[in-house]
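Reviewing the structure listed below.
Protein chains in written order, with the working numbering: chain A, 1 to 431; chain B, 1 to 431.
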């Protein structure tokens, strides 16, 4: 039996999950693949503690010794962040080792150097664990859909925010309470800013887009909006209209121009992603040959993510050349100017309760070529009137300009809320 | 660039779909994989007609010359049925060629010889196109979830029947009308018996189970029930109780015993497969590491299935050793005795309208250890009373014995309808 020696760098949630996975399932993996996967060395800054929790494995706190070890075939990098993760991966690749990583932040923000090392013919790189936890979505995209041109990707890519939005949607739980509940259940980190503000979803949609469109994407150019401003009021109004609000990563390609973004999105109840609840993630690839393909599952957690790491280890051990082929073949992506995007919008404002206001607002929309599909005026608040507009498709530039003007009217109370709408229901569209 | 020569045997829907896919997307495939895929020879009994519709390709009606051609790397078998497909595949494998097939019937019913040829170290075999059309579900199972023990598989595996049931469910269209509509829309074959009676779904769940559990399964031992007896009445009663009826392939493993079956199944509206509509397919793998992973997409059609064939071609061309490793490592599966299955049941009967009947029926259920969870007596039909029972979990043996006794009562009208219930909603279970 072929033996594959692993150098595991980082023994946190996912690292210890991989250790346990191999303890439990090595036999079945060997039977299926003919490969005996053995963790030779674990590297962690808490080396002494790791020693206590493991057996038969060398433990060190010096990553350089792991990368230099000629007997190690594959380095698994699970420490996250930029350095020393980047140096670990680059050095391991250059020494011809396979590398498996869950480091979406590094690859999304500074992947160019790593992708270059790969196309220079260095080792193989597995990134399944970067996106969607236990969902084999990178495999599906890189291998299963390799014969397709990808038209669009839409994904619920962050479990924390999906858990919070589900609680708000289904239990009328305000944002702060839903966030606390997510923390209590272990679905939110102590500091959840990175998830709530959409950056985690941003890293993931950036990576998926690079694979799908074969172009590099500058992470800083991706418009990212989180969910902290989503109120119960908007959840309820959306629900009344047959929509749910989901934090989505979206990337669409048309004539070589890529529209990539992360923002709260209103999707109709019939949309296949609308029923993805709690901490689950789901990714829809709309492709020219297959039409939509949707993958759903747990997007995080020790065991699901370890399952993804293991899948990459096996693929690399089996010498799949696809793990050596460059992800980015076509240089930098040309992103759409955000203002040129054409979408439908949900707008909520609050105004004084007196005649003539609606006509003034409608006038501003009209001047900016924004056509209104419906207006709802809700029960009168003692101090102001909530007005909800659903627009037809309009250019975002005009939309934002109109809202800046509307904001300045003296009859306005509080903020203007804008939520983008994606109406196409993809798979299972009504006949 | 590495060139891969294809011998394409069978130029029907999928074969011509593959030809068009390569015409359209060869450039992007080459860029992503470094492989130039070229159809060298097409073999079809309608060779003259194929010649008219293709260019730059040799056309023959002699499959032996294709399999014997030393310049052909991969044989794609798309003619279906047992012979000569089986001889084609065995000969191609023995001569060390890669083989890609969409022939689920052959593999499910007579796969043993083919799997043996593979474990004798012959060529590589790709079977993605056998299940789920454009959904990369075999890839997900064989590779993406390779580190998992699979607890269960539940799938909507046949587009024709899912289209019909969706029409019945959402448009109150009786079975015969829904079937005609499916034919009109191209979602049902001229003779749809094979789909309607559940055999197509049976082949697919057999194949998925072999991969998941690494055991061979005798197709003839799988209990298979189709949808021809599902009436609007049952669709409506199920809907009233918050369920939908789907034709499902199900396989569950517990302590080495496999419960595999195909039958109409009542699943709650919240179940992730309940929202899979029309001709779409969906497969849920419940695994020990990942928990449920669900894949959804088009389960048939020229382009989606060609996409699956292409994915296998690329994987084999990239020398993935997993495509050579045996699917079945553990010999024959031990199937559950159907009578020992423990499930919930929906039972509909029709009786005279007179006192004492309910107590007689309840008495029979009680004697067979079947506990009733709810009884619904619907509005009185002029000639009889429809009675619907939902049971708690019960052994199927006792259930069937009770129904045989009940059938013989003189107050009974017409058939006894039994529909199995699967209540667990898997992913997104209510917290």
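Don't be surprised by glycine CBs; every beta carbon is placed ideally from N, CA and C.
Alpha-carbon to alpha-carbon, residue j and residue i
i, j, result
"residue 239/A", "residue 233/A", "10 Å"
"residue 43/A", "residue 316/A", "21 Å"
"residue 189/A", "residue 104/A", "17 Å"
"residue 221/B", "residue 260/B", "9 Å"
"residue 395/A", "residue 338/A", "9 Å"
"residue 45/A", "residue 65/A", "13 Å"
"residue 393/B", "residue 62/B", "56 Å"
"residue 362/B", "residue 229/B", "25 Å"
"residue 370/A", "residue 421/A", "15 Å"
"residue 354/B", "residue 384/B", "10 Å"
"residue 130/B", "residue 312/B", "11 Å"
"residue 51/A", "residue 125/A", "28 Å"
"residue 327/B", "residue 7/A", "29 Å"
"residue 114/B", "residue 14/B", "22 Å"
"residue 53/A", "residue 206/B", "41 Å"
"residue 389/A", "residue 416/A", "11 Å"
"residue 403/A", "residue 352/A", "17 Å"
"residue 364/B", "residue 379/B", "24 Å"
"residue 149/B", "residue 336/A", "44 Å"
"residue 349/A", "residue 146/B", "51 Å"
"residue 141/B", "residue 398/A", "47 Å"
"residue 270/B", "residue 123/B", "44 Å"
"residue 4/B", "residue 72/B", "8 Å"
"residue 408/B", "residue 401/B", "11 Å"
Test: residue i CB closer than 9 Å to a CB of chain B
i, result
"residue 124/A", "no"
"residue 140/A", "yes"
"residue 216/A", "no"
"residue 422/A", "no"
"residue 358/A", "no"
"residue 21/A", "yes"
"residue 4/A", "no"
"residue 25/A", "yes"
"residue 370/A", "no"
"residue 28/A", "yes"
Reference residue i; option with closest CA among the options
i, options, result
"residue 300/A", "102/A, 124/A, 64/A, 41/A", "102/A"
"residue 387/B", "359/B, 368/B, 69/B, 401/B", "359/B"
"residue 151/A", "354/A, 342/A, 194/A, 286/A", "286/A"
"residue 303/A", "110/B, 49/B, 292/B, 339/B", "292/B"
"residue 144/A", "33/B, 271/B, 6/B", "33/B"
"residue 214/B", "333/B, 249/B, 108/B, 168/B", "333/B"
"residue 297/B", "127/B, 282/B, 83/B, 289/B", "282/B"
"residue 195/A", "156/A, 107/A, 208/A", "156/A"
"residue 158/A", "411/A, 279/A, 308/A, 343/A", "279/A"
"residue 248/B", "256/B, 258/B, 226/B", "226/B"
"residue 294/A", "418/A, 138/A, 28/A", "138/A"
"residue 87/A", "212/A, 110/A, 397/A, 219/A", "110/A"
"residue 16/A", "366/A, 310/A, 318/A, 320/A", "310/A"
"residue 163/A", "81/A, 154/A, 192/A", "192/A"
Within-9 Å CB hit, residue i to chain A
i, result
"residue 311/B", "yes"
"residue 308/B", "yes"
"residue 244/B", "no"
"residue 177/B", "no"
"residue 275/B", "yes"
"residue 253/B", "no"
"residue 169/B", "no"
"residue 8/B", "no"
"residue 330/B", "yes"
CB contact below 9 Å: residue i versus chain E
i, result
"residue 32/A", "The question asks about chain E, but that chain is absent: this structure's protein chains are A and B."
Practice task
Scan the segment 8-38 of chain B and note each continuous alpha helix (DSSP H) run of 4 residues or more that stays entirely inside, going in chain order.
Solution key: 13-33
Handout entry: Segments of 3+ residues assigned as beta strand (DSSP E) that fall wholly inside the segment 245-306 of chain B
Key = 257-268, 280-287, 291-298
Handout entry: Proximal residues, the segment 283-305 of chain A versus chain B, C-beta separation under 7 Å
Key = 289, 290, 291, 292, 293, 294, 295, 296, 297, 298, 303, 304
Practice task
Give, in chain order, every unbroken run of the alpha helix (DSSP H) that is at least 4 residues long and sits entirely within the segment 141-215 of chain B.
Solution key: 159-171, 175-184, 193-196, 199-213
Practice task
Name, going along the chain, the residues of the segment 140-156 of chain B whose beta-carbon falls closer than 7 Å to a beta-carbon of chain A.
Solution key: 140, 143, 144, 145, 146, 147, 148, 149
Exercise for the section: List in chain order: all unbroken beta strand (DSSP E) runs of 3+ residues lying wholly within the segment 349-377 of chain A. Expected result: 372-377
Exercise for the section: Taking a Cβ distance cut-off of 7 Å, strictly less, list which residues of the segment 99-121 of chain A are near chain B, in chain order. Expected result: none
Handout entry: Residues in the segment 178-207 of chain A having any Cβ partner in chain B nearer than 7 Å
Key = none
Problem - Whole runs of the alpha helix (DSSP H) within the segment 85-132 of chain B, excluding any shorter than 4 residues - result: 85-94, 104-119
Exercise for the section: Tell me the start and end of each unbroken beta strand (DSSP E) in the segment 389-430 of chain A that is at least 3 residues and wholly inside, in chain order. Expected result: 412-421
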